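K.L.:
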Amino acid sequence: MSGIGLGNGSARGSGSALRAGEWSRTDRAKAAAKLMLGWVALLWVIEAVDRATGHALDAYGIAARETDGLTGIPLAPFLHFGFDHVASNSVPLLVLGFVTALSGIRRFLAVSAAIVVADGFAVWLISPSHSMTAGASGLIFGLFGYLLVRGFVERSPLGVAVAVVIAAVWGTTFLAGALPTDSMVSWQAHLFGLLAGAAVALLTRPRPRAVTAG
Numbered sequence: 056m057s058g059i060g061l062g063n064g065s066a067r068g069s070g071s072a073l074r075a076g077e078w079s080r081t082d083r084a085k086a087a088a089k090l091m092l093g094w095v096a097l098l099w100v101i102e103a104v105d106r107a108t109g110h111a112l113d114a115y116g117i118a119a120r121e122t123d124g125l126t127g128i129p130l131a132p133f134l135h136f137g138f139d140h141v142a143s144n145s146v147p148l149l150v151l152g153f154v155t156a157l158s159g160i161r162r163f164l165a166v167s168a169a170i171v172v173a174d175g176f177a178v179w180l181i182s183p184s185h186s187m188t189a190g191a192s193g194l195i196f197g198l199f200g201y202l203l204v205r206g207f208v209e210r211s212p213l214g215v216a217v218a219v220v221i222a223a224v225w226g227t228t229f230l231a232g233a234l235p236t237d238s239m240v241s242w243q244a245h246l247f248g249l250l251a252g253a254a255v256a257l258l259t260r261p262r263p264r265a266v267t268a269g
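In short: position in the sequence shown from 1, add 55, done, that's our numbering.
1) Tell whether a beta-carbon distance below 7 Å holds between residue 223 and residue 203.
2) Note the first and the last residue of the continuous alpha helix (DSSP H) segment covering residue 46.
3) DSSP puts residue 117 in a beta bridge; with which residues?
4) Helix, strand or coil for residue 81, going by three-state DSSP, please let me know.
5) Does DSSP put residue 250 in a helix, in a strand, or in coil?
6) Would the stretch 106–115 count as touching the stretch 76–94 if we require 3 or more Cβ pairs under 8 Å?
7) Output needed for residue 209: all residues of its chain with C-beta closer than 8 Å, excluding positions within five of it in sequence on either side, in chain order.
8) Count the other C-beta atoms from every protein chain shown that fall within 10 angstroms of the C-beta of residue 188, then say buried if there are 16 or more, exposed otherwise.
9) Rounded C-beta distance between residue 166 and residue 115? I'm assuming under 8 Å.
10) Kindly indicate which three-state DSSP category residue 237 falls into: helix, strand or coil?
11) Residue 63 by DSSP, collapsed to three states: which one?
12) For residue 211, which three-state DSSP category applies?
13) Beta carbon of residue 191, beta carbon of residue 234: below 7 Å?
14) Closest to residue 199 by CA distance: which of 159, 180 and 254 is it?
What follows is the structure, encoded as structure tokens:
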């Protein structure tokens with residue numbers, strides 16, 4: 056009788072643990088969705104304020120090789136040059152940000168911060184003189200590079216599947232955007248965002264544990 060009782064208890068415990076795990080994944084997805092919907096909504100609000108103030112916020116982007124321009128590195132991803140600019144960035148940021156944030160909000164924020172800083176400094180350093188750069192596209196390209204490389208370095212079936220899907224959907228567009236084909240588009244932000252994201256994925260990849268004989 057005791058054995059049967061213990062067995063039933065174990066089965067119930069396993070079921071509870073499984074349900075808890077499922078809820079955890081659901082909560083993580085909800086948190087990721089809320090974060091990215093809020094993030095994208097914030098971009099639209101900021102652009103509305105920019106429009107209402109006669110585009111006064113545009114001056115807070117990244118001014119190439121100007122000391123004051125360094126303050127634009129953390130601000131530029133939230134600023135845009137018009138509603139069309141925001142619209143073109145909204146969907147890819149929402150999708151790629153959501154997929155990245157599924158691994159955890161703190162991880163997403165850390166990855167995003169690393170991309171923004173590395174990409175922003177490169178833009179500040181090599182963009183044409185007297186140029187002003189703003190927009191979330193550098194971060195978007197960074198998240199694309201991060202997810203693309205992470206899927207293969209972590210060697211998880213889901214990660215590889217995600218990498219293949221985003222490459223199929225956006226690969227051509229992103230690669231073209233990283234080339235100097237349009238003087239009105241910051242290919243520097245795109246290229247170095249892509250490289251920064253790939254570098255973050257490589258630097259944060261899981262390390263194999265050393266196995267020693269006892």
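Heads up, the beta-carbon is just placed ideally off N, CA and C, and yes, glycines get one too.
As the structure is a prediction and not an experimental result, all values here were calculated from the model.
P.N.:
Once the coordinates are examined:
1) The sequence position of residue 223 within the sequence shown is 168, counting from 1. The sequence position of residue 203 within the sequence shown is 148, counting from 1. Their beta carbons are not under 7 Å apart, which means residue 223 does not touch residue 203 by this criterion.
2) An answer regarding residue 46 cannot be provided, because it is not within the stretch 56 to 269 covered by the chain.
3) For the purposes of this step, residue 117 is taken as residue 62 along the sequence shown, with counting starting at 1. Answer is 188.
4) Along the sequence shown, read from residue 1 onward, the residue named residue 81 stands at position 26. Here residue 81 sits in helix by DSSP.
5) By 1-based counting over the sequence shown, the position of residue 250 is 195. Looking at residue 250 - three-state DSSP - the assignment turns out to be helix.
6) no
7) On the sequence shown, position 154 is the one that residue 209 refers to. Setting aside the 5 residues that flank it on each side, residue 209 is surrounded in the same chain by 260 and 261, each with a C-beta closer than 8 Å to its C-beta; the list follows chain order.
8) Residue numbering aside, residue 188 sits at position 133 when the sequence shown is read from its first letter. So residue 188 ends up on the buried side.
9) Looking up residue 166 in the sequence shown gives position 111. Looking up residue 115 in the sequence shown gives position 60. Incorrect: roughly 24 Å between the Cβ atoms, too far for contact.
10) By one-based count along the sequence shown, residue 237 stands at place 182. Coil, per DSSP.
11) Sequence index remark: in the sequence shown, residue 63 carries index 8 (1-based). Low local confidence applies: a pLDDT of 40 at residue 63 is under 50, so the model's placement there is unreliable, and no value is given.
12) Locating residue 211 in the sequence shown gives position 156, counting from the first residue. Residue 211 falls in the coil class under three-state DSSP.
13) Taking the sequence shown and counting its residues from 1, the one referred to as residue 191 is at position 136. Taking the sequence shown and counting its residues from 1, the one referred to as residue 234 is at position 179. Their beta carbons are not under 7 Å apart, which means residue 191 does not touch residue 234 by this criterion.
14) One-based indexing of the sequence shown puts residue 199 at position 144. Ranking 159, 180 and 254 by Cα distance to residue 199 puts 254 first.
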